[in-house]
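If you number the sequence shown the way the numbering used here does, the last residue is 290 and the count never jumps. Step one of this worksheet: look at the structure below.
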Amino acid sequence: MSSFSRYLPFVAAMALVVVASNILVQFPMQGQIGGLSLADVLTWGAFTYPFSFLVTDLANRRYGPAVARRIVFVGFMTAVVCSILIPPFLFRHGFIEFETSADRLVRIAAASGAAFLTAQLLDVTV
Numbered sequence: 165m166s167s168f169s170r171y172l173p174f175v176a177a178m179a180l181v182v183v184a185s186n187i188l189v190q191f192p193m194q195g196q197i198g199g200l201s202l203a204d205v206l207t208w209g210a211f212t213y214p215f216s217f218l219v220t221d222l223a224n225r226r227y228g229p230a231v232a233r234r235i236v237f238v239g240f241m242t243a244v245v246c247s248i249l250i251p252p253f254l255f256r257h258g259f260i261e262f263e264t265s266a267d268r269l270v271r272i273a274a275a276s277g278a279a280f281l282t283a284q285l286l287d288v289t290v
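Below is the structure:
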């Protein structure tokens, strides 16, 4: 068994979590707690994103930090691509109400990718 195929399930799990989170972050949570509208502060993506840390932690425990870092980089690349491609796709198919401009998508992709990479690599190190 090749070294890549050994940790392919972790790569697939990370990609799945990142894609799901990038889709679900487009949909605000409906409801209200007191005077706070949940749609202003919470999206459905907040419930799937933490699973990326579970994938990273399990890979780190099983294969060590080097493999966990590779899996994080796959997740990072997936996140950047999804941040650019998913919003226009959802808009064209009527799932979200507004289209984001291309320059804004690139800034969002860079910022969310940097945050993802920083948080995940810190998790591997700690």
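Idealized CB from N, CA, C, for every residue including glycine.
Does DSSP put residue i in a helix, in a strand, or in coil?
i: Q194; result: coil
i: L200; result: strand
i: T212; result: coil
In whole angstroms, what separates the C-alpha of residue i from that of residue j?
i: F262; j: G228; result: 43 angstroms
i: A238; j: G209; result: In the sequence as presented, Ala is not what sits at residue 238; that position holds Val. Taking the straight line joining both Cα atoms gives about 19 angstroms.
i: A176; j: I235; result: 9 angstroms
i: V219; j: S276; result: 18 angstroms
i: A179; j: S169; result: 15 angstroms
i: R225; j: L281; result: 19 angstroms
Confirm, please, whether the CB-CB distance from residue j to residue i is below 9 angstroms.
i: Q284; j: F240; result: yes
i: V244; j: T212; result: no
i: I250; j: V183; result: yes
i: C246; j: I187; result: yes
i: V288; j: A203; result: no
Sort the options by Cα distance to residue i and report the nearest one.
i: S167; options: L281, A230, F215; result: A230
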